[in-house]
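If you're matching them up, the sequences are chains F and X in order. At position 65 of the first sequence the residue is numbered 65 (this note's numbering), and the sequence of numbers has no breaks. To convert, take the position in the second sequence, counting from 1, and add 1000; that gives this note's numbering.
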Amino acid sequence: MRDVPGADKLVDRLPFGASMLKERKTALTGMGGGVLLMAVGASIFALGWWRKVIALVDVAFVVTLIGWMCFLVSFAFWFVTTLARKFPNRFPKH
Amino acid sequence: MEFFGQVLTLGQMVFLLLALGLALSFEFVNGFHDTANAVATVIYTHSLKPWVAVVWSGLWNLTGVLTSSGMVAFGVISLLPVELVIHVGSAPGFAMVFSLLISAIIWNVGTWYFGLPASSSHTLFGSIMGVGLANAMMTPGHGFGEGVNWAKAKDIGIALVASPVIGFVCTALLLLLCKALIKRKDLYESPEKDQAPPLWIRGLLVLTCTGVSFAHGSNDGQKGMGLIMLILIGIVPATFAVNLSMNEAALRDLSATTQSISFQMDKHSPGSAMAGGPVADDYISAFLKPSGKIEPNTFAAIGTECREISAALEGHKSLTELTPDQRRTLRNDLFLTSEALAKADKQGLITDPAEKKAAKDLKKHMDLFTKFIPLWVKIAVALALGLGTMIGWKRVVVTVGEKIGKSHLTYAQGASAELVTFATIEAADIFGLPVSTTHILSSGIAGAMAANKSGLQMETLRNILMAWVLTLPVCVLLGAGIFAFIMDVVFGALGIK
């Protein structure tokens, strides 16, 4: 509903929120960030594995996990936005 | 290299990472998908500023997860196909976990993208149903629909009909009651810009927001915990198959109790002999299927499992003395026996009061060995759900707050809808009602709008209803399709069986 006075402003106060984000760019940035984090995690993991330092392997696991989650959620977002863009008239407009 | 107390290969670590990431992502998505249930009314009645409301809700979700008992977590596991649960470390077991999580994430993100408040629980159960159906179709000797818990599907059917009616009618009635009893014009008009409601309404809304957030955390958070435990049991059985903190006295007690129960079970199946554990596993697995019925050998199988548990524990001071394979076998025996005793009791197959009590006590005792959740799992899920709640909440909140009714939500409308939602969650917990919180709140807002003669946006309502009805079939198809794809294409190409 667009005729509610002040309603958009009300929710726009939050620094997060989908309408403020450029969807495609956000999804790709999220996926890129996720891949980057996974690469960092893999590097730390390789070092830990090679040096047999369990603490490093643990840290690598957490970093890679966060990267993988970041990639996964962004990918799901990208998948849905792409689908919605392909079939724009069949979905409700916001 | 040793990881989580067990030597894992690189491949196992990658699997663990992929699966944990999926489970935590599901919780993260669940967080922002369901935030609207708690914060929409608080934001649109100006009771709390949006950022305060979502952070507050996120923190209470987090608290809900951290203080949860873990019982719901294992309830989710009991909905899964039993043969996949006991062989969760196998290729079909992993395919099950991956496919149901991917399917649930896709549908949750999809409905969130269009700002549609759909039920996350229905999404998860639809995916579980899909996996069950696909598994039954792909496994020789299984009939169509054998792996599906039809009773739960019926509950969802009831929820689909009951929740909108309860939400709509109860909220409308509550609003009309308020109008009759509380003669304050400002409660029934759109609020002035940024003007907060009277203190008591504000307090009520913040309280219900807190309650709904806490309940969501302690309920939905546990579903993720259950799936994570299943993953850990499959990949790292040495550490997670059984609760390694059980002491010598507990081991001795369980060994003695299972031995004594085994004789009672044998009395139910006189003359039935059981060749050994695997045969007993098959009998109990067949009984535990949603369509499974008691057979002459079922009690003998439970007796055999009890004797195996007793033998496995005898003479040991700690579960760490068992090898990883023995721990996994012990877990399966405990899981099957505990579930079989519960089902037999529920179906009234155990009639003798003393035996009934002994079976219940034994089940409780066995559950202590298998139904445990490490603190780090709780913290990880709490963070994922809490952070998810704080990010990306806007789409569904805008739909609930702005797109259902034709005018701005009044203080009384917001309070009535949230109060009914909160009361329904409590009632559902106490009486086990199959209702959906998401459906109750959305239809509650619609009921409040109708009672106030504010008008309804029929296009939005149609879209929401369509999403509710489509959730189950779409998730069944997604879950089944992804399961078949992973089994045939991915694992086929990798040569994993």
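All C-beta atoms, glycine included, are put in the ideal place defined by N, C-alpha and C.
- Task: Would you please verify whether the beta carbon of LEU14(F) is less than 8 Å from any beta carbon of chain X?
- Result: Mapped onto the first sequence, residue 14(F) falls at position 14. At LEU14(F), the pLDDT of 35 sits below 50, so the modelled position is not reliable; the number obtained from the coordinates is stated separately. Cβ-Cβ to chain X under 8 Å: yes for LEU14(F).
- Taking the alpha carbon of GLY1210(X) as the point to measure from, which residue in SER1436(X), ALA1423(X), ARG1462(X), VAL1490(X) has its own alpha carbon closest? On the second sequence, residue 1210(X) is found 210 positions in, with the first residue counted as 1. At residue 1210(X) the sequence reads Thr, which differs from the Gly that was named. Ranking the options by Cα distance to THR1210(X), first place goes to ALA1423(X).
- Query: Taking the C-alpha atoms as reference points, what is the distance between ARG965(X) and LEU1100(X)?
  - Reply: Outside the shown range of chain X (1001 to 1497) lies residue 965(X), about which nothing can therefore be said.
- Item | Among VAL73(F), THR29(F), ASP58(F), MET31(F), the one whose alpha carbon lies nearest that of ALA42(F) | Mapped onto the first sequence, residue 42(F) falls at position 42. Checked all of VAL73(F), THR29(F), ASP58(F), MET31(F); the closest Cα to ALA42(F) is ASP58(F).
- Task: Look at the Cβ atom of VAL1131(X), then the Cβ atom of MET1096(X), and state whether they are nearer than 8 Å.
- Result: One-based indexing of the second sequence puts residue 1131(X) at position 131. One-based indexing of the second sequence puts residue 1096(X) at position 96. Yes.
- Item | CB contact below 8 Å: THR29(F) versus chain X | Indexing the first sequence from 1 puts residue 29(F) at position 29. Cβ-Cβ to chain X under 8 Å: no for THR29(F).
- GLN1347(X): buried (16+ other C-beta within 10 angstroms of its C-beta) or exposed? On the second sequence, position 347 is the one that residue 1347(X) refers to. Only exposed fits GLN1347(X), as fewer than 16 other CB atoms lie within 10 angstroms of its CB.
- Residues bridged to ILE1002(X) by DSSP? Within the second sequence, numbered from 1, the residue matching residue 1002(X) stands at position 2. With the sequence shown as reference, residue 1002(X) is identified as Glu, and Ile is not the correct amino acid for it. For GLU1002(X), which the question treats as bridged, DSSP gives the partners VAL1007(X).
- Under 9 Å Cβ-Cβ, which residues of chain F neighbour MET1001(X)? The residue labelled residue 1001(X) in the question sits at position 1 within the second sequence. Per Cβ cutoff of 9 Å: GLY48, TRP49, LYS52, ILE54, VAL57.
- Out of curiosity, what's the CA-to-CA distance linking LYS1363(X) and ILE1350(X)? What you label residue 1363(X) is simply residue 363 of the second sequence in a count that begins at 1. What you label residue 1350(X) is simply residue 350 of the second sequence in a count that begins at 1. Rounded to the nearest angstrom, the two C-alpha atoms are 14 Å apart.
- Identified DSSP bridge partners for GLY1405(X): Here residue 1405(X) refers to the residue found at position 405 of the second sequence. Note: GLY1405(X) sits in a beta bridge opposite LEU1456(X).
- Query: Of all the options VAL1435(X), THR1437(X), LEU1205(X), GLU1295(X), which has the alpha carbon lying nearest to the alpha carbon of SER1047(X)?
  - Reply: Within the second sequence, the letter at position 47 stands for residue 1047(X). Among VAL1435(X), THR1437(X), LEU1205(X), GLU1295(X), the Cα nearest to that of SER1047(X) belongs to LEU1205(X).
- Task: Could you spell out the range, first to last residue, of the alpha helix (DSSP H) harbouring ASP1266(X)?
- Result: In the second sequence, counting from the first residue as 1, residue 1266(X) sits at position 266. Per DSSP, ASP1266(X) belongs to the alpha helix (DSSP H) from 1248-1268.
- Is the region 1031-1049 of chain X touching the region 1390-1398 of chain X, taking contact as three or more C-beta pairs under 8 Å? yes
- When LEU1124(X), LEU1066(X), ILE1077(X), ALA1280(X) are compared against PRO1473(X), the one with the closest alpha-carbon: Numbered from 1 along the second sequence, position 473 holds the residue referred to as residue 1473(X). Minimum Cα distance to PRO1473(X) is reached at LEU1124(X).
- Item | Reduced DSSP category for VAL1489(X) - H, G, I as helix; E, B as strand; rest coil | Counting from 1 along the second sequence, the entry for residue 1489(X) is found at position 489. VAL1489(X): helix per DSSP, three-state reduction.
- Terminal residues of the continuous alpha helix (DSSP H) containing TRP1393(X)? Locating residue 1393(X) in the second sequence gives position 393, counting from the first residue. No alpha helix (DSSP H) holds TRP1393(X); DSSP gives it neither H nor E.
- Query: Does any C-beta atom of chain F lie closer than 8 Å to the C-beta of GLY1479(X)?
  - Reply: One-based indexing of the second sequence puts residue 1479(X) at position 479. With 8 Å as the cut-off, GLY1479(X) does not count as an interface residue toward chain F.
- Interface residues of chain X facing LEU65(F) [CB-CB closer than 8 Å]: Position 65 of the first sequence holds residue 65(F). The answer, in chain order, is LEU1017, LEU1020, GLY1021, LEU1024.
- Taking Cβ positions only, does VAL40(F) come closer than 8 Å to chain X? Start at 1 with the first residue of the first sequence, and residue 40(F) comes out as number 40. VAL40(F) does not count as touching chain X.
- MET1458(X) to ILE1102(X) span [Cα, whole Å]: Here the question's residue 1458(X) lines up with position 458 in the second sequence. Here the question's residue 1102(X) lines up with position 102 in the second sequence. Approximately 32 Å between the Cα atoms of the pair.
- Item | For ILE1235(X), the nearest candidate out of GLY1481(X), LYS1453(X), MET1013(X) (CA to CA) | Walking along the second sequence from the start, residue 1235(X) turns up at place 235. When each option's Cα is compared against that of ILE1235(X), the closest is MET1013(X).
- Contact set between LEU72(F) and chain X, taken where Cβ atoms lie within less than 8 Å: Translated into positions along the first sequence, residue 72(F) becomes position 72. In chain order: GLY1021, LEU1022, SER1025, ILE1105.
- Message: Let me check understanding here. Comparing Cα to Cα, which of ASN1243(X), ILE1309(X), PHE1299(X) lies closest to THR1257(X)?
- Response: Taking the second sequence and counting its residues from 1, one reaches residue 1257(X) at position 257. Minimum Cα distance to THR1257(X) is reached at ILE1309(X).
- Item | Residue from TRP50(F), LEU83(F), LEU72(F) with nearest C-alpha to GLY34(F) | As a working note, residue 34(F) is residue 34 in the first sequence. Comparing Cα positions, the closest option is LEU72(F).
- Message: For GLY1110(X), would you say it is in contact with chain F, using Cβ-to-Cβ distances shorter than 8 Å as the test?
- Response: Start at 1 with the first residue of the second sequence, and residue 1110(X) comes out as number 110. So yes, GLY1110(X) belongs to the interface.
- Item | Range covered by the alpha helix (DSSP H) that runs through THR1330(X) | On the second sequence, residue 1330(X) is found 330 positions in, with the first residue counted as 1. In the sequence under discussion, the amino acid at residue 1330(X) is Leu, which differs from the Thr named in the question. That run of the alpha helix (DSSP H) goes 1324-1346.
- Could you check the C-alpha separation between ASN1297(X) and SER1269(X) for me, to the nearest Å? Numbered from 1 along the second sequence, position 297 holds the residue referred to as residue 1297(X). Numbered from 1 along the second sequence, position 269 holds the residue referred to as residue 1269(X). Roughly 6 Å between the two C-alpha positions.
- Task: Answer yes or no: does any C-beta atom of chain X fall closer than 8 Å to that of VAL80(F)?
- Result: One-based indexing of the first sequence puts residue 80(F) at position 80. So yes, VAL80(F) belongs to the interface.
- Item | Environment of VAL1007(X) [buried if 16+ CB atoms lie within 10 Å] | In the second sequence, the residue the question calls residue 1007(X) occupies position 7. Exposed, because fewer than 16 other Cβ atoms sit within 10 Å of the Cβ of VAL1007(X).
- Item | Backbone secondary structure at ILE1482(X) - three-state DSSP | Within the second sequence, residue 1482(X) is the residue found at index 482, counting from 1. It is helical.
- For ILE1128(X), does the three-state DSSP call read helix, strand or coil? By 1-based counting over the second sequence, the position of residue 1128(X) is 128. ILE1128(X) falls in the helix class under three-state DSSP.
- By DSSP, does HIS1033(X) sit in helix, in strand, or in coil? Counted from its first residue, the second sequence places residue 1033(X) at position 33. Here HIS1033(X) sits in helix by DSSP.
- How many Å lie between ASP1281(X) and LYS1343(X) at the Cα? Within the second sequence, residue 1281(X) is the residue found at index 281, counting from 1. Within the second sequence, residue 1343(X) is the residue found at index 343, counting from 1. Roughly 15 Å separates the two Cα atoms.
- Message: I'd like to know whether the C-beta of PHE1188(X) is nearer than 8 Å to at least one C-beta of chain F.
- Response: In the second sequence, residue 1188(X) corresponds to position 188, counting from 1. Checking the sequence shown, residue 1188(X) turns out to be Tyr, not Phe. No - not a single Cβ of chain F is within 8 Å of the one on TYR1188(X).
- Proximity of HIS1390(X) and GLY1021(X) at Cβ, strictly below 8 Å: Counted from its first residue, the second sequence places residue 1390(X) at position 390. Counted from its first residue, the second sequence places residue 1021(X) at position 21. In the sequence as presented, His is not what sits at residue 1390(X); that position holds Met. Cβ atoms of MET1390(X) and GLY1021(X): not closer than 8 Å.
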